[in-house]
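Okay, structure first, notes after.
Numbering (our numbering), first residue to last: 13 to 128.
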């Protein structure tokens, strides 16, 4: 078995130090930094939306008239209240949609937080 490596005639071996110059110096990953920053901002926005949604839900449930009736009546009344707030402006619509999605997506945690 032959263990020779055949390389092109123009091939020149570069040392590790010489590779620094061919790559332009330090390896800066701008795309990775932007992606990380966007992920952090997104996580903060979703977390804030979730906290806001729980807070508003607790305030809404603290009114005795909103707790009257069976579960489906209460859920219908809550959906009407959210829909009414969403119809006020585009920013309310986006805020309410994100916070409602977060509260529903984390339903087990939301239920515990709303009971406490």
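Even for Gly, the Cβ is constructed at its ideal location relative to N, Cα and C.
A quick note: this is a predicted structure, and the numbers were derived from the prediction, not measured.
Neighbour-count burial assignment, residue i, 16 or more Cβ in a 10 Å radius
i	result
residue 111	buried
residue 13	exposed
residue 46	exposed
residue 99	exposed
residue 94	buried
residue 71	exposed
residue 69	buried
residue 92	exposed
Residue i - containing alpha helix (DSSP H), residue span
i	result
residue 120	119–127
residue 100	It is not in any alpha helix (DSSP H) - residue 100 carries neither H nor E in the DSSP assignment.
residue 45	42–73
Same chain only: Cβ atoms within 8 Å of residue i, ignoring 5 sequence neighbours per side
i	result
residue 66	115, 122, 125 and 126
residue 58	110 and 114
Cut-off 6 Å between Cβ atoms - residues of its own chain near residue i, not counting five sequence neighbours on either side
i	result
residue 62	114
Cβ-Cβ separation, residue j to residue i (assumed contact under 8 Å), whole Å
i	j	result
residue 86	residue 78	7 Å
Close beta carbons around residue i, own chain, < 7 Å, minus the five adjacent residues each side
i	result
residue 96	none
Check: residue i C-beta below 7 Å from any heavy atom of the ligand SAM
i	result
residue 52	This structure lacks the ligand SAM; in fact it carries no ligand of any kind.
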